[in-house]
Every structure is written in structure tokens, then in C-alpha cells.
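Participant: Residue numbers (the numbering used here), protein chains in the order written: chain A, -15 to 314; chain B, 1141 to 1298.
1) When the Cα of residue 1178 (chain B) is compared with those of B:1256, B:1274, B:1224 and B:1217, which residue comes out closest?
2) List in chain order: all unbroken alpha helix (DSSP H) runs of 4+ residues lying wholly within the segment 244 to 290 of chain A.
3) Against chain B, with Cβ distances strictly below 8 Å, would residue 2 (chain A) count as a contact?
4) Taking Cβ positions, are residue 1206 (chain B) and residue -10 (chain A) nearer each other than 8 Å?
5) Residues of chain A with CB closer than 8 Å to the CB of residue 1180 (chain B), please, in chain order.
6) According to DSSP, is residue 1180 (chain B) part of a helix, a strand, or is it coil?
7) Under 8 Å between beta-carbons, which chain A residues line up against residue 1274 (chain B)? List them in chain order, please.
8) I'd like to confirm the pairing. Which residues does DSSP put opposite residue -11 (chain A) in its beta bridges?
9) Quick check: what's the CA-CA separation for residue 310 (chain A) versus residue 1213 (chain B)?
10) CB residue 1294 (chain B) to CB residue 1239 (chain B), shorter than 8 Å?
11) Name the chain A residues that come within less than 8 Å of residue 1189 (chain B), Cβ to Cβ?
12) Over the uninterrupted beta strand (DSSP E) stretch that includes residue 1158 (chain B), give me the two end residues.
13) Quick one: measure Cβ to Cβ for residue 226 (chain A) and residue 236 (chain A), integer angstroms, because I've assumed they're closer than 8 Å.
14) Would residue 37 (chain A) count as contacting chain B if we go by Cβ distances under 8 Å?
15) Kindly indicate which three-state DSSP category residue 1207 (chain B) falls into: helix, strand or coil?
16) Could you name the residues of the segment 1145 to 1164 of chain B whose beta carbon sits closer than 7 Å to any beta carbon of chain A, in the order they occur along the chain?
17) Please confirm if residue 188 (chain A) has its CB atom under 8 Å from at least one CB of chain B.
18) For my contact list, residue 160 (chain A) and residue 174 (chain A) are in at a C-beta cut-off of 8 Å; report their separation, rounded to the angstrom.
19) Whole angstroms are fine: how far does the CA of residue 157 (chain A) sit from the CA of residue 1249 (chain B)?
20) Drop a sphere of 10 angstroms on the beta-carbon of residue 313 (chain A), count the other beta-carbons inside from all chains shown, and report buried for 16 or more, exposed for fewer.
21) Which residues in chain B have a C-beta closer than 7 Å to the C-beta of residue 284 (chain A)? List them in chain order.
22) If we cut at 8 Å on Cβ distances, does residue 1215 (chain B) have a partner in chain A?
23) Quick one: residues in its chain with C-beta nearer than 7 Å to the C-beta of residue 1284 (chain B), no 5 flanking neighbours on either side, listed in chain order?
24) Could you check if residue 1191 (chain B) is buried or exposed, using at least 16 other CB atoms within 10 Å of its CB as the buried criterion?
Written as C-alpha cells, this is what we have:
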């Protein structure tokens, strides 16, 4: 017997109506996380998958200084966009640093935003203690050992990482997420889409059941800005980040006129480094300033023995991407 | 009881119709329902690349694609790369360079290699390695795989 019913949505309103009306239904886009968790790992359940991949939410359009990206645009399609290549190098680099080409041809931008934790305890249904899967059951990652886990926005309740590379760049850029529900549309800044787990790691974002991400709006960087994404990992390619950083700087004769910085590999949500931005803005673009910015950002880290190395590695990652962006032609 | 789904699609240039449960993956549809066992089931969860096929010309993982999502679309598997009894240029290059050992990952490697040539990501060995990284080879035939792709790319440019 089939584990779920498959239905194909004909339009956005129909898709939203079908999922809103059925607590057991869920949206299916690229499927690279959803089918994995549903069919293979069997740690989530859904009685009905509403396939949204034929909806007209695919493609990239420029409106002034904003890039409006349809939620069903694939990662490869967005990485290939000429405006992204020219004006948002950090987005292109973050996209191409993620997954493999096969997965990037399948995975959508909306799905990337909502990807689930890669925590191996969350994905192993033989592990009982997982507050994300079973609220109140505990956290096996904290108890049993972890490495690819979060240190910021983390606690004894949950240290699962938000593993997206793209979202790190989008957090730095103040991207906006367009969301549709049965009543209408709303716009949420990407940095406010996610919820730090606290004692409810099962609640990952502000979306209600049946709400659909339709577009992501990415403000373009100013013409003179330089930007980049650095991902540090255990192998050169096709691996999740140990730490990463997305940076964008506008320099004026050696002084940082404006700075955007966000971190990956360390947060339970994509982590905007506002403390670093405050230190950087108006300061000279020197290694000492970059290090001070990094030191200001990593505080209140919750580490376990296997993740303690990320405090220093994340700081060095910040310093290196800032040096690269400040010194190079990016 | 969930209804079955009709899937009308083109597989290796032949129109096919299947009536399947909604949760059947493209990989299982190819292997179990169409008898196309050239596409291999490795990890079956999107990590190894053994199940790589072309969907409307783009490489994807058939283990994480539902067959129902392929309705109206075109699938190419290792069996469809060249006419019966002949080899695709990439297949021939893999043979010449001994670009495999046990062979289990090979169909996926070749489908990715065919795609990487189309994508134009073969300007250097480093670029080939980066964009082939979604295909794992436990035997470690990587050097010969890169050599085969380098040669196929050069032949294509000539």
C-alpha cells in the first residue's frame, strides 16, 4: 500500500487550499529533503503530497534594484542567472558550494529555505531522544556526541544546524520571503522567518500549515560592493559546512563604508553577524579590525566537546572571507 | 486507499505509460516496472549519485524523484545513450581509461559525465572533479574517471 497519495496542484490558490484543508498534507517541490525524510528515513509522515512543481513560480525577474526569484526556481537556475553572477557573487558562490549538480537541478529555492536539519539523530528513528521529532524527549546530539552541529542559538534542548549555504548569503542581504495562505499574502524578512529553537525545537519557522513560499526578493548590492562566500568543510566538495561565512563590503579608500556578514555551520538558524557589522562599519579594512569583528560576534556559544572547535574556526572563517573580499576583485 | 497515478512519459525516446502508486520513485519505476536495470540503486537516499539519470536533459537523482512527477517529461538512462550494440563517446572513453573497478557506480558516473559535457564544466581537471563530486566511487577510480572525461571533452571540442 502506498505511503501517501500524490496529487498535482494546478494553481497556487488550489495548492494552498489543498494543504490548508488537510492536516496530513504537505507540499512537494524538489523532494530532495522531503522524500528522503518521508520515504527513506521515515521520520516524518504525510498522507498526501501536493506536487507544486508545475506552478508558475519559476524564474528570476529584476525589478529595479531587487531580484524577484520564483520559489520553484532551481538552485542551478539561480546560480546561472547573469544578474546574480554580476551583482550577487556571494549568492552564486553559496549556491554552487551546496549539494551536487544533480541535487541542485532538483532542489528549489523555496525548498532550500525550508530544508530540514541534517542532524543524524533527528534522521534516525531508532533514536528516541529528539526534541525536534518528539517534543520533550531530550536531545541525543547533546547527550551522545556531535560534530556537524550548531553552537549559536543552541541549547541543551537542540543543537541541530540549519545547513543551508544559500540562506547564509540571503540573511546577509536582507532578503524578503513572500508567503501565500488562503487569506492572502504576507512578506517576512528571511532573518525573521526562522525561530531559534529554545525549548520548542519542533517549531522551526513562522509558517503556518498550508502557507506557501511563492517568491524570494533579493536586494542587489550597490554597484561598487565586493562580496563572497567561504565554506570550510571536511572534504573539498559535496559536503556540509563545518563553518561558512558570506560577506559584502563597500570600501572607500581603505575604510569600510558598509558591511554585511552572516555565518553558516554554526547556527540553529542562518546567523546574521550584526555585532561584526557594527564593528566593521566606519573602521579601516585591516586584519585587526576583522578579528575584532569576529570576536564580537561569537558569544554565548553552546558547545559540546565535538563542536567546541567551531568557536575559533568560525572566527577564522570570518577573518578570511573579509580579507578575501576586501583585498580581491570580487 | 490512495488512488494510483497514471504516468505518461518518454523513456529513452520511447513513449511509456505506467499506472503506479504515488510513492514509487523514478528509480524503482525504471528498474522494477520497465526492466531498465542499468540505473543502479546505491544509497537510495540522495548521497551517492549511482541512480543519476537525465530528466528533460538535466541530471537528477532518480531515487529522490517520484515517478509521478515525471508525467509528460523525458527521461534518459544509461540504456538510452547509444543505439543497441554501440557505445556513446563517454562510454567508450570510460572503457579506454579503465574508469571503473566494480562497476556499480559506473552508470551514474557516465550519466553525470554526459551531463557535465553539456554543461561545459570541463575546462580543467579541478572543474571536472568539482562538478562530478555528486558521484561517489568506493573503489576509488576517480583519476581514471577524470581522464576519461578530459578525453571525451577534448574530442568534443576537436
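All C-beta atoms in this analysis are idealised placements derived from N, C-alpha and C, irrespective of residue type, glycine included.
Facilitator: The relevant details are as follows:
1) B:1217
2) 258 to 264 and 271 to 281
3) Not closer than 8 Å to any Cβ of chain B, the Cβ of residue 2 (chain A) fails to qualify, so no.
4) yes
5) Correct list: empty, because the minimum Cβ distance to chain A is about 14 Å.
6) coil
7) Those are 83, 84, 85, 86, 87 and 222, listed as they occur along chain A.
8) A:32
9) In a straight line, the C-alpha of residue 310 (chain A) is about 46 Å away from that of residue 1213 (chain B).
10) Taking 8 Å as the cut-off, the beta carbon of residue 1294 (chain B) is found no closer than this to the beta carbon of residue 1239 (chain B).
11) 84 and 86
12) 1154 to 1160
13) About 33 Å separates the two Cβ atoms, so there is no contact after all.
14) With a threshold of 8 Å between beta carbons, residue 37 (chain A) makes contact with chain B.
15) helix
16) 1145, 1161, 1162 and 1163
17) no
18) 7 Å
19) The straight-line gap from Cα to Cα measures roughly 37 Å.
20) Here residue 313 (chain A) scores only 45 on pLDDT, less than 50, and its place in the model is too uncertain to base an answer on.
21) Correct list: empty, because the minimum Cβ distance to chain B is about 34 Å.
22) no
23) So the list reads 1237, 1238 and 1239, once near-sequence residues are dropped.
24) buried
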